[in-house]
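There are 2 protein chains.
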Amino acid sequence: MMLEKNTKILIVGLGLLGGSYARALTGRGFSVSAVDIRQEAIAYALENKIIAAGAAEPDPALVGEADLVVFALYPHTLFDWLERCQGLLKPGALLTDVTGVKGAVVERVQTMLRPDLEFIAAHPMAGREVGGVENSDERIFHGANYIVVPTERNTPRAVALCRELGELLGFARIAELSPAEHDEMIAFVSQLTHCIAVSLMTCNRTEHLEEYTGDSFRDLTRIARINDEMWSELFLLNRDALLRQIDSFTAELGVLRGYLADGDREHMRELMRYAAARRALFDKPEPKDRNK
Amino acid sequence: MMLEKNTKILIVGLGLLGGSYARALTGRGFSVSAVDIRQEAIAYALENKIIAAGAAEPDPALVGEADLVVFALYPHTLFDWLERCQGLLKPGALLTDVTGVKGAVVERVQTMLRPDLEFIAAHPMAGREVGGVENSDERIFHGANYIVVPTERNTPRAVALCRELGELLGFARIAELSPAEHDEMIAFVSQLTHCIAVSLMTCNRTEHLEEYTGDSFRDLTRIARINDEMWSELFLLNRDALLRQIDSFTAELGVLRGYLADGDREHMRELMRYAAARRALFDKPEPKDRNK
């Protein structure tokens, strides 16, 4: 256990995720501050006691006292911020992030970073279809998965601390993957599903379809309410893995299509039975009892 | 208004949907009976006062007194039942169903039916991932859509009565479509989405994937817990429409894939923005206030 109550935590980027981190960590008794270019986000978070201090500029005093810095930014803004502001950070500070792709981020950040700082990548697999600190809610972490993504440059201490952060935030499962494993997995479970949801919404532009829609269509397209700026960036940063996953899925849908075209009911049923049995494994675990 | 409190309603097939119909209609004060080959289903429903009378065989007295008969059966068992038992039905009785495809069902039923009976097709777009009267729950209808699917052989009275039934059950929206329109729509919003969910569960058989899964993957695969007997029958009964929809979706996913491969961020964002804006139309309406 290395995160102590006097650990000063700085959130850079106070949107939905950054705000939810701030709520959870303030609630656990930590001193949390934030920087965000939206002055209203800082004002809202101060007013609602989500953070203890904040600024719309990377204030040297605020940045310089942080022991742990969480970057909740788009990848390109993370690189920009570090280029401009890493000189302000305290020697020995630990840095982590929330970015949805890792290969294109971790290597670049660890290479550009001052040698007396350490960056340990993490991916909190949680979100909502609405953004902004005003919609932040630490309950999005409950029952969800948190992936720590270390490289050879990371120390065991940083890995342990990052895992502890995930636990403090209330995640149900903490896992560890390499950047390449993470990106292949995320291309499948997250990016491919967003591509499918978008294509379902764009492939049939019949009007009034919403009058005839059932829950299954709503479920499969909920995530089509997508932030195009963020997701197009994440897709392009993970292009090769996502192309592979789209191709693998398309081929598999083609197999089912083939059985249907052939009237091969037995093979269709076999795929369905495998899918049904396997899906049972994926039900969300019950949220952890926070009072334990 | 033609459904009066003395209307005798018979449910044939007391599973999840039949049971939910029975609960809703009994709750509105109707006299509801049921036949189901599962004796335990009948016993459960009698014990829980979901039905007033029931039998595991098509009891002539029970079947012969029904004014309205709801078939909540698989298509092939509907044909079988009518062949064997339509002689028991009261002249002038109105028949309806809950079947998920219509073209292959309505024409055949209306052709085989005694001329003094009328069959009006309907599709309640509601369900759960569990079956059986034991899991029935009329709340599955609240906020959901109900489609009446008349043909030229149907009378305006039957159409009106079928719409009224949808309202009584608590559906949020009642629509009318021809069998061909219904089947093309259902191939898209329901059957294609089930194919996608199944293919997502079968295309990547990596173990331990559930440890890294977020809500989006869970959402897109919830319906992969599929009843293979029922869905394979429904897919085959609507084969041509479903093949068209799979092809249309695959082509659209291919367009997005092409933009990604080309690094064409602007076109990707355009698709995402269209999808996000359109998806907002599909949010479920608030359940109707039942006390109005």
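Protein chains in written order, with my numbering: chain A, 1 to 292; chain B, 1 to 292. Even for Gly, the Cβ is constructed at its ideal location relative to N, Cα and C.
Residue-level contact to chain A via CB, residue i, 8 Å cutoff
i, result
"P176/B", "Reading off the sequence shown, one finds Glu at residue 176/B, where the question assumed Pro. Chain A, which has no Cβ nearer than 8 Å to the Cβ of E176/B, makes this no."
"R278/B", "yes"
"R273/B", "yes"
"V35/B", "no"
"S20/B", "no"
"I147/B", "yes"
"W231/B", "yes"
"C85/B", "no"
"E65/B", "no"
"R173/B", "yes"
"R163/B", "no"
"T99/B", "no"
DSSP bridge partner residues for residue i (one or two, in chain order)
i, result
"R23/A", "Partner(s): none; R23/A has no beta bridge."
"L94/B", "L68/B and E118/B"
"M272/A", "Answer by DSSP bridge pairing: none, since M272/A is not bridged."
"K8/B", "S31/B"
Minimum Cβ-Cβ distance from residue i to chain B less than 8 Å
i, result
"D137/A", "no"
"H194/A", "yes"
"Y44/A", "no"
"D219/A", "yes"
"D228/A", "yes"
"F188/A", "yes"
"Y74/A", "no"
"V198/A", "yes"
"L236/A", "yes"
"R265/A", "yes"
"S216/A", "yes"
"A180/A", "no"
"L14/A", "no"
"R222/A", "yes"
"I51/A", "no"
"F249/A", "yes"
Separation of residue j from residue i, as counted between CA atoms
i, j, result
"Y48/A", "P75/B", "It is Asn, not Tyr, that sits at residue 48/A in the sequence shown. Taking the straight line from one Cα to the other gives about 58 Å."
"K5/A", "R257/B", "48 Å"
"F315/B", "M112/A", "With chain B covering only 1 through 292, there is no way to say anything about residue 315/B."
"H267/A", "A66/B", "41 Å"
"E270/B", "A197/A", "14 Å"
"E107/A", "L209/A", "46 Å"
"I147/B", "V12/A", "50 Å"
"G166/B", "P124/B", "8 Å"
"A53/A", "T99/A", "24 Å"
"D97/A", "L10/A", "11 Å"
"A172/A", "Y21/A", "15 Å"
"S232/B", "D137/B", "25 Å"
"E164/B", "L95/B", "14 Å"
"Q39/B", "Q245/A", "47 Å"
"P179/B", "A104/B", "9 Å"
"A293/A", "R218/B", "Here chain A comprises residues numbered 1 to 292, so residue 293/A is not present and cannot be evaluated."
"I50/A", "I37/A", "17 Å"
"A126/A", "G127/B", "27 Å"
"H277/A", "E57/B", "Here the sequence assigns Ala to residue 277/A, which means His is not the residue at that position. Cα to Cα, A277/A sits roughly 33 Å from E57/B."
Residue i (DSSP reduced to helix, strand or coil)
i, result
"A104/A", "helix"
"N145/A", "strand"
"E176/B", "strand"
"A158/B", "helix"
"L46/B", "helix"
"F282/A", "helix"
"F171/A", "strand"
"H194/B", "helix"
"A55/B", "strand"
"A126/A", "coil"
"L200/B", "helix"
"I223/A", "helix"
"L73/A", "coil"
"G132/B", "coil"
"G166/B", "helix"
"I306/B", "Since the first and last residues shown for chain B are 1 and 292, residue 306/B lies out of range."
"T111/B", "helix"
"P150/B", "coil"
"G37/B", "With the sequence shown as reference, residue 37/B is identified as Ile, and Gly is not the correct amino acid for it. It is coil, neither helix nor strand."
"M185/A", "helix"
"D264/A", "coil"
Segment contact flag, the region 238 to 248 of chain A with the region 214 to 223 of chain A, C-beta cutoff 8 Å, min 3 pairs: no
At least 3 beta-carbon pairs within less than 8 Å: the region 83 to 94 of chain B vs the region 24 to 31 of chain B: no
Given 8 Å, three or more beta-carbon pairs between the region 139 to 154 of chain A and the region 170 to 187 of chain A: yes
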